[in-house]
Each structure stands twice: as structure tokens, then as C-alpha cells.
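If you're matching positions, the sequence shown starts at 541 in the working numbering and goes up one per residue. We put the beta carbon where it would ideally sit given N, CA and C, even for glycine.
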Amino acid sequence: MIRSVSGLLSGFLLLATAALAAPPPSLALPPDSSAAVPPAAAATPPLEPPPGYQAPPKTLERIAQRGAIYIAHREASIPFSYTDNEGSVHGYSWELCMRIVDAVKARLNQPSIEVVPVFATSSSRIMMVESGVVDLYCGPATNTEQRARYVGFSNTYFVAGVKGLVRKDSGIRSVEDLKGRTVVTTAGTTSDGYVKGATARRNIFVNLRTARTHADAFNEVLNGKADVFVLDDILLKGLLANSSQADAYKLVILDESFGFEPYGLMFRRNDPEFKRIVDETLVGLYRSGEIERIYAKWFQSAIPPKGINLEMPMSPELKQLIKTPNDRGI
Numbered sequence: 541m542i543r544s545v546s547g548l549l550s551g552f553l554l555l556a557t558a559a560l561a562a563p564p565p566s567l568a569l570p571p572d573s574s575a576a577v578p579p580a581a582a583a584t585p586p587l588e589p590p591p592g593y594q595a596p597p598k599t600l601e602r603i604a605q606r607g608a609i610y611i612a613h614r615e616a617s618i619p620f621s622y623t624d625n626e627g628s629v630h631g632y633s634w635e636l637c638m639r640i641v642d643a644v645k646a647r648l649n650q651p652s653i654e655v656v657p658v659f660a661t662s663s664s665r666i667m668m669v670e671s672g673v674v675d676l677y678c679g680p681a682t683n684t685e686q687r688a689r690y691v692g693f694s695n696t697y698f699v700a701g702v703k704g705l706v707r708k709d710s711g712i713r714s715v716e717d718l719k720g721r722t723v724v725t726t727a728g729t730t731s732d733g734y735v736k737g738a739t740a741r742r743n744i745f746v747n748l749r750t751a752r753t754h755a756d757a758f759n760e761v762l763n764g765k766a767d768v769f770v771l772d773d774i775l776l777k778g779l780l781a782n783s784s785q786a787d788a789y790k791l792v793i794l795d796e797s798f799g800f801e802p803y804g805l806m807f808r809r810n811d812p813e814f815k816r817i818v819d820e821t822l823v824g825l826y827r828s829g830e831i832e833r834i835y836a837k838w839f840q841s842a843i844p845p846k847g848i849n850l851e852m853p854m855s856p857e858l859k860q861l862i863k864t865p866n867d868r869g870i
């Protein structure tokens with residue numbers, strides 16, 4: 541059973557946001573920064589838990605107690621995780637997560653466990669997983685060393701290339717053409733890091749800005765507010781496919797890649813029992829060959845709600861990861 545999340549969860553999300561003591565990943569200092577760990581803090585022995593302290597329940601225990609599993613999804617990350625006009629969730633990531641839900645039900649022997657979809661953004665998803673607002677994040681998320689300080693990652697289930705979306709009349713054909721241009725990325729993604737790295741290596745100055753959502757960034761390029769929108773290629777393809785024909789005709793994805801990103805499903809750190817269920821479910825789909833059917837359904841077939849076909853064959857990188865599954869990030 542799948543039910544909608546209520547306003548109560550939204551209130552809990554606000555409380556959880558205020559309660560988090562750790563900085564979000566976007567603000568985390570690099571490990572080699574002199575400010576990352578002050579000398580005094582480094583010399584201070586770890587604090588002992590207060591008397592009567594009880595560690596928070598593990599994910600499976602929480603699910604069993606509530607009789608529900610809270611799963612975060614995206615609004616428009618086609619074809620991974622997105623909603624239609626009725627609010628139903630679709631996508632490649634979502635289908636994989638439904639298989640994980642079946643495995644959780646079997647493990648707990650609770651077939652009546654409800655699925656509660658919870659909307660997440662690029663900026664909120666890490667906090668929602670870390671704080672326990674959701675049990676599982678089912679949308680595109682790059683497995684990075686920095687993010688792995690806050691959340692756990694599954695085995696890789698997709699590999700994306702980071703590329704730029706431009707207007708056809710922009711004159712931009714490569715990274716070299718970005719000099720003096722305005723580049724937009726989505727808040728909470730890794731794209732800005734790729735842009736900074738690529739332009740620094742070429743000694744190119746760009747005006748880098750962020751938008752709240754993928755749709756906002758897409759519209760900035762379409763309306764001429766920005767020259768380039770940098771994002772994972774498959775997400776750019778989804779945005780193009782879901783836009784009007786007139787808008788799609790004006791835009792093109794550059795051939796040059798800024799880098800490659802391994803996607804993993806996210807859950808709370810230090811929960812090996814739940815991670816084992818997630819990974820074993822994915823590996824089972826890989827070994828049986830069923831992952832090829834699921835992939836073809838979302839990347840090489842007409843998908844709801846508009847019947848678009850992304851016509852994107854499985855990459856050699858993903859084929860290799862299916863043969864030799866791992867959760868290595870970047």
C-alpha cells in the first residue's frame with residue numbers, strides 16, 4: 541500500500557532541520573582544510589553518552605514499529621523519480637526501491653507495511669536521510685566521499701555524464717567557449733564543483749549561479765538569463781523530452797563531459813543490516829538479468845505521463861558495474 545505523507549511530516553522536517561548539529565554537505569570543509577578540525581577540538585577526548593542514553597533504532601526496527609517505510613522521491617527527475625499530474629510516483633529508481641520494499645516486507649514478515657512517498661529536493665535530501673525523516677532516498681544521487689560522511693550508499697545502479705545544456709544560437713560548443721558566460725547549476729548537486737574544476741584548469745572565468753530546482757535552471761537557459769545549465773546528461777535529456785517541442789528545438793546538450801558520476805540509493809549511515817538488504821536486492825536483479833528489462837522500460841521505451849522515449853542504451857560503464865557490483869564513490 542502507498543499513501544501520501546501528511547502535513548505532520550512537513551512539520552517534523554522543519555524541526556529536524558533546526559535540530560541538526562552537523563553542517564550540510566554543501567558547507568562541509570575539505571579534510572585538508574586547516575579550519576576543518578580546530579586544534580583544541582582535535583585534542584578533546586570523545587564525550588561519553590549521558591546516563592540513560594539509548595541509540596536511535598535501526599532502520600528495520602523503525603519500519604517494523606511504524607508499519608510504514610518513508611521513501612523520498614523527486615518531483616521531476618525523469619526517468620529516475622518523478623510525479624505525474626495525479627501525484628503518483630514513477631521512475632527507474634522508484635521501481636528499484638519498490639523491489640527493496642518487497643524484500644523488507646519479507647524480512648520482517650510484515651506484508652502490510654505501507655509505503656509513504658515524501659517529496660525531496662537536491663538541497664533537502666541528505667538532511668532528510670541523515671535525520672531519519674525518510675528511510676530511503678529513491679532518486680538520482682551521486683555517491684561522493686563528502687556525502688558518505690552523512691549518509692550510506694547502495695551499490696551503483698547508474699552512471700551519468702555531467703554535461704551542459706545551451707541554446708542552439710549561443711555559439712557555445714565546448715568548455716572553452718564558456719569564458720565570461722553565465723553558468724547555472726541546481727542547488728545541492730555536484731555540478732558546480734565540476735564547473736569550477738574545468739574552468740580553473742583552463743584559466744577561464746565564468747559567472748556561476750545556482751537555481752532552486754532543475755526546472756528553474758532549465759528555464760533560465762531557455763529565457764536567456766543563463767547561458768549554460770550544467771547537470772547530469774540523463775537528467776538534461778529528461779527535461780528536454782518533457783518540455784514542449786518548441787522549447788526543445790531551441791536547446792541542445794553539449795558533447796563534451798565535465799565528468800562522470802555513479803548513482804546510489806541513500807539511507808542512514810552505519811546500518812549494515814539495512815544496507816545488506818538494499819545491496820542484495822540490487823545484486824539479485826543484476827544476476828538474474830531482470831535489471832536489463834527494468835532499464836529498457838525506463839530508458840528505451842515510452843514512459844508516463846507523456847509517452848516519451850529517451851532512447852538511451854545502457855552504457856559500457858553500467859554494464860561493467862552490473863557484472864561487478866560495488867558501492868565505490870568519487
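Whole angstroms is fine: what's the gap from residue i's alpha carbon to residue j's?
i    : j    : result
S783 : A755 : 10 Å
N747 : K645 : 49 Å
V655 : I611 : 7 Å
A616 : F839 : 15 Å
S797 : K703 : 5 Å
G737 : G799 : 10 Å
A561 : R687 : Per-residue confidence for A561 stands at a pLDDT of 37, beneath the threshold of 50, marking its modelled position as unreliable; no derived number is given.
L861 : D675 : 25 Å
S828 : L762 : 43 Å
L636 : A836 : 13 Å
G711 : G631 : 34 Å
M667 : D772 : 22 Å
Mapping the DSSP letters down to three states, classify residue i as helix, strand or coil.
i    : result
R749 : strand
A788 : helix
T584 : Low confidence applies to T584: its pLDDT is 46, below 50, so where it sits in the model is not reliable, and the reading given next is rough at best. Coil at T584, not helix or strand.
E685 : coil
L607 : At residue 607 the sequence reads Gly, which differs from the Leu that was named. Coil.
F814 : helix
G824 : helix
V674 : coil
M806 : strand
N866 : coil
G692 : strand
P853 : coil
D819 : helix
A727 : coil
Would you mind reading off the limits of the beta strand (DSSP E) that contains residue i?
i    : result
R707 : 698-707
L794 : Neither: L794 is in no beta strand (DSSP E) and is coded neither H nor E.
Y734 : Segment 731-741 is the alpha helix (DSSP H) holding Y734; no beta strand (DSSP E) there.
V656 : 654-659
D624 : Here D624 belongs to no beta strand (DSSP E), and DSSP marks it neither H nor E.
V770 : 768-772
Beta-carbon within less than 7 Å of residue i's beta-carbon, same chain only, minus the 5 sequence neighbours each way: which residues are those?
i    : result
F698 : Y803, L858
Could you tell me which of the options sits nearest to residue i, measuring between CA atoms?
i    : options                : result
S628 : V658, N810, P596       : V658
Q650 : H613, R808, D717, A604 : A604
I774 : S855, E760, S662       : S855
A745 : V715, W634, G764, T726 : The sequence shown places Phe at residue 745, rather than the Ala named in the question. Cα-wise, what sits closest to F745 is V715.
F769 : A786, F807, M806, A727 : A727
K777 : L705, G607, D867, D819 : L705
M638 : H613, E626, G869, T661 : H613
Among the residues of its own chain, which have a CB less than 6 Å from the CB of residue i, if the five just before and after it don't count?
i    : result
R749 : V724
F845 : One point to set straight first is that residue 845 is Pro, not Phe, in the sequence displayed. For P845, where only same-chain residues beyond five positions count, the Cβ hits under 6 Å are D624.
Can you find a CB in chain B that lies within less than 7 Å of the CB of residue i?
i    : result
A612 : Of the chains in the structure shown, none is chain B; there is only one protein chain.
Less than 8 Å between C-beta atoms, sequence neighbours within five positions excluded: which residues of the same chain meet that for residue i?
i    : result
I817 : L600, I640, A643, V644, R647
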